[in-house]
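Chemist: Just so you know, the sequences run in chain order D and H. Going by the numbering used here, the final residue of the first sequence carries number 317, and the count climbs one at a time with no gaps. Going by the numbering used here, the final residue of the second sequence carries number 476, and the count climbs one at a time with no gaps. Each residue gets a CB set at the ideal place from its N, CA and C atoms; glycine is no exception.
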Amino acid sequence: MRRWTRSRWLPVVGVLLVASCATLISLSGCKTIESLGEVGGAVGQATGVMTEEQAKSLGRASKAVAKTFADITPEQEYYIGRAVAATVLKTYKPYQNKKATRYLNLVGQTLAAASDKPETYGGYHFMIMDSDEINAFSAPGGLVFVSRGMLRLCENEDDLAAVLAHEIGHVQHQDGLKAIKSSRLTSALTILAAEGAKSFGGEELAELTDAFEGSIGDITSTMMNSGYARSAERAADESAIVIVKRVGYDPNGLVEMLKEMKKQLKPGGADFAKTHPDPDDRIKDIENIMGRYSAVSVPPVRQKRFERNLKKILITE
Amino acid sequence: MKKFLMVFIFLTVLVSVSRAEELNVQVRTGKLRSRPSFLGKIVATVSYGDAVTVLQEQNEWVEVRRPEGKKGWIHISALTDDEIELSSGDSNAETAASSDELALAGKGFNSDVEAEFKTRNEDIDFTWVDWMEKIIISPEQMEGFLKMGKVNPPRGGGI
Chain D
1 MRRWTRSRWL PVVGVLLVAS CATLISLSGC KTIESLGEVG GAVGQATGVM
51 TEEQAKSLGR ASKAVAKTFA DITPEQEYYI GRAVAATVLK TYKPYQNKKA
101 TRYLNLVGQT LAAASDKPET YGGYHFMIMD SDEINAFSAP GGLVFVSRGM
151 LRLCENEDDL AAVLAHEIGH VQHQDGLKAI KSSRLTSALT ILAAEGAKSF
201 GGEELAELTD AFEGSIGDIT STMMNSGYAR SAERAADESA IVIVKRVGYD
251 PNGLVEMLKE MKKQLKPGGA DFAKTHPDPD DRIKDIENIM GRYSAVSVPP
301 VRQKRFERNL KKILITE
Chain H
318 MKKFLMVFIF LTVLVSVSRA EELNVQVRTG KLRSRPSFLG KIVATVSYGD
368 AVTVLQEQNE WVEVRRPEGK KGWIHISALT DDEIELSSGD SNAETAASSD
418 ELALAGKGFN SDVEAEFKTR NEDIDFTWVD WMEKIIISPE QMEGFLKMGK
468 VNPPRGGGI
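#1: Within the segment 212-278 of chain D, note down every full alpha helix (DSSP H) run reaching 4 residues or more, in order along the chain.
#2: Specify the secondary structure class of D:P118 as computed by DSSP and reduced to three states.
#3: Taking the Cβ atom as the reference point for each residue, do D:A139 and D:G217 lie within a distance shorter than 8 Å?
#4: Have a look at D:K312 and D:Y121 and give me their C-alpha separation to the nearest angstrom.
#5: Quick check: the Cα distance between D:D159 and D:A240, rounded to an integer number of angstroms?
#6: Please state whether DSSP places D:N288 in a helix, a strand or coil.
#7: Between D:K266 and D:G227, is the Cβ-Cβ spacing less than 8 Å?
#8: Which term fits H:D398, buried or exposed, when burial requires 16 or more other beta carbons within 10 angstroms of its beta carbon?
#9: Would DSSP call H:V381 helix, strand or coil?
#10: Would you identify the three-state DSSP class for D:H170, choosing helix, strand or coil?
#11: With a cut-off of 8 Å on the beta carbons, I'd call D:I128 and D:T101 a contact; round off their distance for me.
#12: Quick check on D:G176 - is its C-beta less than 8 Å from some C-beta in chain H?
#13: Identify the residues that DSSP records as bridge partners of D:L208: which are they?
#14: Give me the Cα-Cα distance between D:K259 and D:Y293, rounded to the nearest whole angstrom.
#15: For the candidate residues D:Y103, D:I286, D:A188 and D:I283, whose alpha-carbon lies nearest to that of D:E307?
#16: With DSSP as the reference, label D:I128 as helix, strand or coil.
#17: For H:K388, list the residues DSSP reports as bridge partners.
#18: Could you check the C-alpha separation between H:T362 and D:H170 for me, to the nearest Å?
#19: According to DSSP, D:F306 sits in a beta bridge with which residue or residues?
#20: Is there at least one Cβ from chain H nearer than 8 Å to D:E52's Cβ?
#21: Once DSSP output is grouped into helix, strand and coil, what is the label at H:R350?
#22: Can you confirm whether D:D130, when its beta carbon is compared against all beta carbons of chain H, has any partner nearer than 8 Å?
#23: Tell me which residues share the same chain as D:G176 and place their Cβ nearer than 6 Å to its Cβ, disregarding the 5 neighbours each side in the sequence.
#24: Out of D:E167, D:E133, D:N105 and D:P277, which has the shortest C-alpha to C-alpha gap to D:G269?
#25: Can you tell me whether H:V369 is buried or exposed, with buried defined as 16 or more other CB within 10 angstroms of its CB?
#26: Can you check whether the C-beta of H:V369 is within less than 8 Å of a C-beta belonging to chain D?
#27: Just to confirm, is the Cβ distance from D:L208 to D:I191 under 8 Å?
#28: To the nearest angstrom, how far is it from the Cα of D:K235 to the Cα of D:R184?
#29: Could you tell me whether the Cβ of D:F212 comes closer than 8 Å to any Cβ of chain H?
#30: Does any C-beta atom of chain H lie closer than 8 Å to the C-beta of D:D218?
#31: Going by beta-carbon coordinates alone, are H:F443 and H:K435 separated by less than 8 Å?
#32: Tell me where the alpha helix (DSSP H) around D:V84 begins and ends.
#33: Could you check if D:A130 is buried or exposed, using at least 16 other CB atoms within 10 Å of its CB as the buried criterion?
#34: Taking contact to mean at least 3 C-beta pairs separated by less than 8 Å, is the segment 282-290 of chain D in contact with the segment 142-162 of chain D?
#35: In chain H, what lies closer than 8 Å to D:G169 by C-beta?
#36: How many Å lie between D:R152 and D:L314 at the Cα?
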């Protein structure tokens, strides 16, 4: 129940702090822990412990520093993800093959259901990018893109599951949202906090859209150019192992796929060569978790459907 | 000091009493399942902003009851203890929150902002994003897919 445990107790702690502040405020102008100030301000004011002005000033102090990606609600994450996905599709055209796309979604959505974040506002959806590059992206909220080049590295369904589970890991850890510069969120949330009405006017909408555009830019440039931190990639690999095991796939698929990637990646390429750690380093980390690699063995019926569904992609033109 | 203590005790009691075991759905459609597993059959759904009562917890799963009595297991990622403010077009809009923090819940980056973003960036096309969002695999299809491929989740898919 860890998702709400922290905030469940916030009002209690907030009250404690506000109560202490109320006692001391006339002496020193109490400064409190910022992340709790907002809640405390509202409670304190409602119960008459603080004056409206004091509550407001406490609230303002917290807002200046307390806003991070964690304040983004799943609904907002969904809209950010949609715009990131649309931006990815400006560069990479979709590969229009219904059979292959449905197969990708059967594997991907099943894996997502078994992850630690199975429920997102708009759900997980997978698409193939019509590109020979070795690449994959996951937009916040669960819109995942995999290139034809990446799919060609997979020799079986378990390898494919590993690729998709790694991307689900990034969604689960909200790595995209973490790439947003905190100044954008501070400005967006300041606009919202300053504006009490239910729908915002033209000026606020324009400012919010500035922050939104900036956020989309932060995420796409991190995802497509600089890449996430090495630690984020390691964490996504760790989650991928957990997820594929829960569903019943062989986690060795991840190593298998990385070995193939090592062979195929061209140094200096604009794809995974640029945005991800060296596959050999990733394999080392993975083997530390799950032991030495042993070859994946797949039942013939699973292998047949993998080849049947991805037939057109697997054959290099 | 005595006065301070009394205020503190009063407020603590007030907060404890008002803390009901009720949570809100924070995803568009949440699934209530027959058992706490991703392969559990869907017995009902809940919508964004719906309040549910917590009955019991098991790892990352919570058994909840909908207001009219229907029960089921839902993953914690679908729930929040923040109040959800619905946009004015939604049926439960009157439940909108009042404090600063709650007001932030339903606002921010939403459909209005997306519309403005689209106006500014005509070269960014959402057609395929809308298309991919329509691909939805049901739990029954997932189960059939795993079975046909001889993919066997350990312990019957429980997490």
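Modeler: With the given structure in hand:
#1: 230-247, 252-264 and 272-275
#2: coil
#3: no
#4: 33 Å
#5: 11 Å
#6: Residue state, collapsed to three classes: helix.
#7: In this structure, D:K266 sits away from D:G227, with a CB-CB distance that is not shorter than 8 Å.
#8: buried
#9: H:V381 sits in a strand when the DSSP states are folded into three classes.
#10: In the three-state reduction of the DSSP assignment, D:H170 falls in the helix class, which pools H, G and I.
#11: Approximately 6 Å separates the beta-carbon atoms of D:I128 and D:T101; this is inside 8 Å, confirming the contact.
#12: no
#13: Partner(s): none; D:L208 has no beta bridge.
#14: One alpha carbon belongs to D:K259, the other to D:Y293, and they sit about 10 Å apart.
#15: D:Y103
#16: strand
#17: H:R382
#18: 27 Å
#19: Answer is none; D:F306 lacks a bridge partner.
#20: Note that D:E52 scores 49 on pLDDT, short of 50, meaning its location in the model is unreliable; the coordinates nonetheless yield the value given after this. Not an interface residue.
#21: When secondary structure is reduced to three states using DSSP, H:R350 falls in the strand class.
#22: Between D:D130 and chain H, the shortest Cβ-Cβ separation is not below 8 Å.
#23: P140 and I219
#24: For D:G269, the closest alpha carbon among the candidates D:E167, D:E133, D:N105 and D:P277 is that of D:E133.
#25: buried
#26: So, not an interface residue.
#27: yes
#28: Reading the sequence as shown, one finds Ala at residue 235 of chain D and not Lys. So the two alpha carbons sit approximately 26 Å from each other.
#29: yes
#30: no
#31: Taking 8 Å as the Cβ cut-off, H:F443 and H:K435 qualify as a contacting pair.
#32: Start and end: P74 to T91.
#33: Residue identity differs from the one stated: residue 130 of chain D is Asp in this sequence, not Ala. In summary, D:D130 is exposed, with fewer than 16 beta-carbon neighbours lying within 10 Å of its beta-carbon over all protein chains present.
#34: Under the 8 Å Cβ criterion, the segment 282-290 of chain D does not count as touching the segment 142-162 of chain D, having fewer than three qualifying pairs.
#35: In chain order: nothing, as chain H lies at least about 14 Å away.
#36: C-alpha separation (whole angstroms): 5 Å.
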